[in-house]
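To start, the structure itself, in structure tokens.
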Amino acid sequence: MDPLESDGNGAAGDPLPPPPPLPPNVVPIKAESEPAKKKPARVPMARRGLGSKGQKVSVLTNHFKVNVGNVDGHFYHYSVSLSYEDGRPVDGKGVGRKVIDRLHETYSSELDGKDFAYDGEKSLFTVGALPDNKHQFTVVLEDVTSNRNNGNANGHDSPNESDRKRLRRPYQSKTFLVEISFAAKIPMQAIQNALCGQESENSQEALRVLDIILRQNAAKQGCLLVRQSFFHNDPANFVPIGGGVLGCRGFHSSFRTSQGGLSLNIDVSTTMIIQPGPVVDFLIANQNARDPFSLDWAKAKRVLKNLRIKVNPSNQEYKITGLSEQICRDQMFSLKQKSKNGDGEAETLEVTVYDYFVNHRNIQLQYSGDLPCINVGKPKRPTYIPIELCELVSLQRYTKALSTFQRAALVEKSRQKPQERMSALSNALRNGNYGADPMLRSCGVSISSNFTQVEGRVLPAPKLKMGNGDELFPRNGRWNFNNKKFMEPTKIERWAVVNFSARCDVRRLVQDLTRCADMKGIRIDAPFDVFEESHQNRRLSPVLRVEKMFEDIQSKLPGAPQFLLCLLPDRKNSDLYGPWKRKNLAEFDIVTQCMAPTPRINDQYLTNLLLKINAKLGGLNSMLAIERTPALPVISKLPSIILGMDVSHGSPGHSDVPSIAAVVSSRQWPLISRYRASVRTQSPKVEMIDSLFKKVSEKEDDGIIRELLLDFYTSSGKRKPDQIIIFRDGVSESQFNQVLNIELDQIIEACKFLDETWDPKFVVIVAQKNHHTKFFLQNSPDNVQPGTVIDNKICHPKNNDFYLCAHAGMIGTTRPTHYHVLLDQIGISPDDLQELVHSLSYVYQRSTTAISVVAPICYAHLAAAQLGTFMKFEDASETSSSHGGVTAPGAVPVLQLPRLKEKVCNSMFFC
Numbered sequence: 001m002d003p004l005e006s007d008g009n010g011a012a013g014d015p016l017p018p019p020p021p022l023p024p025n026v027v028p029i030k031a032e033s034e035p036a037k038k039k040p041a042r043v044p045m046a047r048r049g050l051g052s053k054g055q056k057v058s059v060l061t062n063h064f065k066v067n068v069g070n071v072d073g074h075f076y077h078y079s080v081s082l083s084y085e086d087g088r089p090v091d092g093k094g095v096g097r098k099v100i101d102r103l104h105e106t107y108s109s110e111l112d113g114k115d116f117a118y119d120g121e122k123s124l125f126t127v128g129a130l131p132d133n134k135h136q137f138t139v140v141l142e143d144v145t146s147n148r149n150n151g152n153a154n155g156h157d158s159p160n161e162s163d164r165k166r167l168r169r170p171y172q173s174k175t176f177l178v179e180i181s182f183a184a185k186i187p188m189q190a191i192q193n194a195l196c197g198q199e200s201e202n203s204q205e206a207l208r209v210l211d212i213i214l215r216q217n218a219a220k221q222g223c224l225l226v227r228q229s230f231f232h233n234d235p236a237n238f239v240p241i242g243g244g245v246l247g248c249r250g251f252h253s254s255f256r257t258s259q260g261g262l263s264l265n266i267d268v269s270t271t272m273i274i275q276p277g278p279v280v281d282f283l284i285a286n287q288n289a290r291d292p293f294s295l296d297w298a299k300a301k302r303v304l305k306n307l308r309i310k311v312n313p314s315n316q317e318y319k320i321t322g323l324s325e326q327i328c329r330d331q332m333f334s335l336k337q338k339s340k341n342g343d344g345e346a347e348t349l350e351v352t353v354y355d356y357f358v359n360h361r362n363i364q365l366q367y368s369g370d371l372p373c374i375n376v377g378k379p380k381r382p383t384y385i386p387i388e389l390c391e392l393v394s395l396q397r398y399t400k401a402l403s404t405f406q407r408a409a410l411v412e413k414s415r416q417k418p419q420e421r422m423s424a425l426s427n428a429l430r431n432g433n434y435g436a437d438p439m440l441r442s443c444g445v446s447i448s449s450n451f452t453q454v455e456g457r458v459l460p461a462p463k464l465k466m467g468n469g470d471e472l473f474p475r476n477g478r479w480n481f482n483n484k485k486f487m488e489p490t491k492i493e494r495w496a497v498v499n500f501s502a503r504c505d506v507r508r509l510v511q512d513l514t515r516c517a518d519m520k521g522i523r524i525d526a527p528f529d530v531f532e533e534s535h536q537n538r539r540l541s542p543v544l545r546v547e548k549m550f551e552d553i554q555s556k557l558p559g560a561p562q563f564l565l566c567l568l569p570d571r572k573n574s575d576l577y578g579p580w581k582r583k584n585l586a587e588f589d590i591v592t593q594c595m596a597p598t599p600r601i602n603d604q605y606l607t608n609l610l611l612k613i614n615a616k617l618g619g620l621n622s623m624l625a626i627e628r629t630p631a632l633p634v635i636s637k638l639p640s641i642i643l644g645m646d647v648s649h650g651s652p653g654h655s656d657v658p659s660i661a662a663v664v665s666s667r668q669w670p671l672i673s674r675y676r677a678s679v680r681t682q683s684p685k686v687e688m689i690d691s692l693f694k695k696v697s698e699k700e701d702d703g704i705i706r707e708l709l710l711d712f713y714t715s716s717g718k719r720k721p722d723q724i725i726i727f728r729d730g731v732s733e734s735q736f737n738q739v740l741n742i743e744l745d746q747i748i749e750a751c752k753f754l755d756e757t758w759d760p761k762f763v764v765i766v767a768q769k770n771h772h773t774k775f776f777l778q779n780s781p782d783n784v785q786p787g788t789v790i791d792n793k794i795c796h797p798k799n800n801d802f803y804l805c806a807h808a809g810m811i812g813t814t815r816p817t818h819y820h821v822l823l824d825q826i827g828i829s830p831d832d833l834q835e836l837v838h839s840l841s842y843v844y845q846r847s848t849t850a851i852s853v854v855a856p857i858c859y860a861h862l863a864a865a866q867l868g869t870f871m872k873f874e875d876a877s878e879t880s881s882s883h884g885g886v887t888a889p890g891a892v893p894v895l896q897l898p899r900l901k902e903k904v905c906n907s908m909f910f911c
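full-length UniProt numbering puts the first residue of the sequence shown at 1, with every later residue one more than the last.
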């Protein structure tokens, strides 16, 4: 409050009393100046125009036009509270939908016959208001089981009355209390406003309601729901990927606002589920065991916990809580008798589980007698069931990390050619029968059944430069080095081969590599030595094997080698890779290339290996023909640095593994083909990079950006970049503002810390691969051509975004990269920006193809992955709960990565 204004007690303008006199020996302290006003937050920029370069092409996309008739109506949002009749809250998943469905049937007239959109948890929406702001209902459910059976009759083969009493119900009470109370009113007009570029909380909520209606539609058909995707219980959609896990094909659907209006984006989606059917069959597949008698039961207990089973012959459903301590023949429990003792209490008889089922229930058991029982009871009141009577319910998600082989099988089996995918999507839309959905009808929503047609443009591939002045235009996003030399080949003088027990003719390999290198312009001297691992070291731990090998190398080599070629015995995920890389890069400053030799190594393989070796040793394989000329858009005009930023997180279940942030930067301006990387760890599952600027004292910044800017300055003729172009990977739309206001602020602070007067211009672009938009050619079985760019119709109504398919999709359906330009202080034209992004897909030194996302982002991803192998963690995926062990982000003290030695740090060690 202004001191001159009245405070409501005295008259305005009363003179203030004079300050008290200062005591002697007191030096007045200068008052802190008022904090500067908070600067306005940056928001994603608006589109400035459309590109026009390239050959026009008409493509179809999996967006289906949506019309909303009822724009004047309102969605009413109600909070739902569910409890049992004794007041305990309902925590069982899935029961909420059954309760609300029954409530809707029972109390339709009290609710004015309104239809609901219920999210399965705490939110319910209607079109128009319910009669009262608060409603309380009592709902009775006869039977609460899953509607995902394995082809058994659902509850018709019910047990007799005495069995029914004996079998504990999955939910103790069948009477539920439901309270529905008004929370908010959402105008449907907000959807129209969003289409005009005026996004708001209301428009996001209104679209969320439409998404919830589709989810509810799928839930009523017994689908498994995973965020915006749904999966039908149809064995035709299941493919085994090993280890008792199935890939389950389903569909993703979400409403999106675009320049062309509202659209429904539908795509094929895949999740992992547990193999349904007999529990024993699943365990044998999961552990790759011969038979049930060779199973590891401690492992089985971990993997089965919390899974749902149906029990024969009652068809009753339970959740597994554990296994019995003893086998079925020996496990005792107290069976209540009909006869009563002297105190009037029922007598109990100690029997084995086996005896009870075989003799009391007359159920024949083939093999369960010698196996543990399934426990479905509480910790203090176990309930045991012989394992052969238990079948896993279908559509139960598998949420642990997949092995390399499972992941490869999943990718291979979920591929679909463009035409195949289109027909699957048309069928999904037809089977969804959204036209008949009462909620969509009351919103006036109608969904077109036609793929949206959009106009794209095919950008020409940039001309590439090789050695000896050779130039070529890539064809269909590809080129090769047949009869051509590398642009800047290196020399390999001091080097050696290290063989970790790989089966390989090393002499022949060295000869072939030298011959191939010579054809590419690389001169390779004879290796100093071949270090073969001694037989007794093979059984040591990976870290010790590497230690022993280095002791051998140090004792025999006269000095540090320039390069080590390492032969590994395993094709995938060798345990030696991480310790070997760490030793070379963080302790000895040696560039190294690993390979897992196959019996037949051809020239193509060796050329691909040489692409990596040459780049790591400071060479250049190819570059854009315009790279050192003024013709390069944006970059050539002023000193410019390109940054690629990515964060990689531990796999599911590894909730304590630090996340790894990597930033790569271009060097030697005006080149855009050479990069170096800086990598740090941060708290698990934290997406925003927190070490871009890290002030450790008044004059010292230990952050990533300072390190990269100093490298640019020294490698670019002592020039500071006037333009900083940032490519950020892996962030969702909800995190764009954090990138603009947290990460960018750190980068600006790092610049100011180096030089207060320096004021570079910034461009911030987010690249997204994890989206569901696909493009198809009309009347053609092929994928869209490499270089296809789309910036109209299905892009954001206001923000500056575009889709680019830079690569040639050889298998499956091409997934375009969705680029969002969040900030552009330079003022780049749409054509120049799209051309720059397209060109950056052609400078990836590891391959002779255009890649699907700009090279700096790929390099950041590689650098994070490689340094991630430095930190060897025990495989926690076995012990984590199968249903999402979520840890609060940032809860664990973070283990720091060792810093790389100077020479390899400035190299493309990640290539």
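Don't be surprised by glycine CBs; every beta carbon is placed ideally from N, CA and C.
When secondary structure is reduced to three states using DSSP, Val784 falls in the coil class, being assigned neither helix nor strand. Counting C-beta atoms within 10 angstroms of its own C-beta, Asp291 has fewer than 16 neighbours from the protein chains shown and is therefore classed as exposed. The beta carbon of Asn799 is closer than 6 Å to those of Pro44 in its chain, skipping five residues each way along the sequence. About 10 Å separates the beta carbon of Ile794 from that of Thr257, a gap too long to meet the 8 Å contact definition. Rounded to whole angstroms, the separation of the alpha carbons of Leu609 and Asn602 is 11 Å.
Distances from the CA of Pro438 to each of Asp801, Asn217, Glu199 were compared; the closest alpha carbon is that of Asn217.
In this structure, Met688 lies away from Ala662, with their beta-carbon atoms at least 9 Å apart. Counting along the chain, Trp495 sits inside the beta strand (DSSP E) bounded by residues 495-499. Residue burial is scored here from C-beta neighbours: Gln275 has at least 16 other C-beta atoms within 10 angstroms and is therefore classed as buried. In the structure shown, Cys390 falls within a strand segment according to DSSP collapsed to helix, strand and coil.
The residues Asn537, in chain order, have a CB closer than 6 Å to that of Lys548 in the same chain once the five nearest residues on each side in sequence are set aside.
Annotation: Lys769 is outside any beta strand (DSSP E) and is labelled neither H nor E by DSSP. Gly469 is classed as exposed because its beta carbon has fewer than 16 other beta carbons within 10 Å across all chains shown. CA-to-CA, the gap between Val739 and Met422 works out to about 35 Å.
Met645: member of the beta strand (DSSP E) spanning 640-648, first to last residue. Of the residues Leu836, Phe775, Ile828, Asp831, the one whose Cα lies closest to the Cα of Gly809 is Phe775. The beta carbon of Ser636 sits closer than 6 Å to the beta carbons of Pro630, Pro670 from its chain, once the five residues preceding and following it are set aside; these are given in chain order.
Counting only runs that start and end inside the UniProt domain "PAZ" (278-394), the beta strand (DSSP E) elements of at least 3 residues fall at 308-311, 316-319, 322-327, 332-340, 346-352, 372-375, 390-392. In this structure, Gln396 and Ile273 form a Cβ contact; the two beta carbons are roughly 6 Å apart against a cut-off of 8 Å.
In this structure, the alpha-carbon of Glu325 lies about 15 Å from that of Leu295. Secondary structure at Ser678: strand, using DSSP grouped into helix, strand and coil. The DSSP-derived three-state label of Ile553 is helix. Taking Ser229 as reference, the option from Val268, Phe238, Asn193 with the minimal CA-CA separation is Val268. The bridge partners DSSP lists for Cys248 are Phe238, Thr271.
Taking C-beta atoms as the reference points, Ile726 and Leu836 fail to come closer than 9 Å.
Nearest neighbour of Arg728 by Cα position, chosen from Thr814, His649, Glu743, Ile309, turns out to be Glu743. When DSSP states are grouped into helix, strand and coil, Glu85 belongs to the coil group.
Between Leu323 and Ala289, the gap from beta carbon to beta carbon reaches 9 Å or more. The Cβ-Cβ distance between Leu804 and Thr813 does not fall below 9 Å. Counting C-beta pairs closer than 8 Å gives three or more between the segment 49-67 and the segment 823-830, which meets the contact rule.
Assigned with DSSP and collapsed to three states, Val95 falls in helix. The C-alpha of Arg899 is placed about 12 Å away from the C-alpha of Asp702. Note: Arg475 is bridge-paired with Arg478 in the DSSP secondary-structure output. Straight across, the Cα-Cα distance linking Glu412 with Val245 is about 15 Å. For Pro131, the closest of Ser108, Gln866, Gln259 by C-alpha to C-alpha distance is Ser108. Taking a C-beta distance under 9 Å as the contact criterion, Glu345 and Met332 do not qualify as a contact pair.
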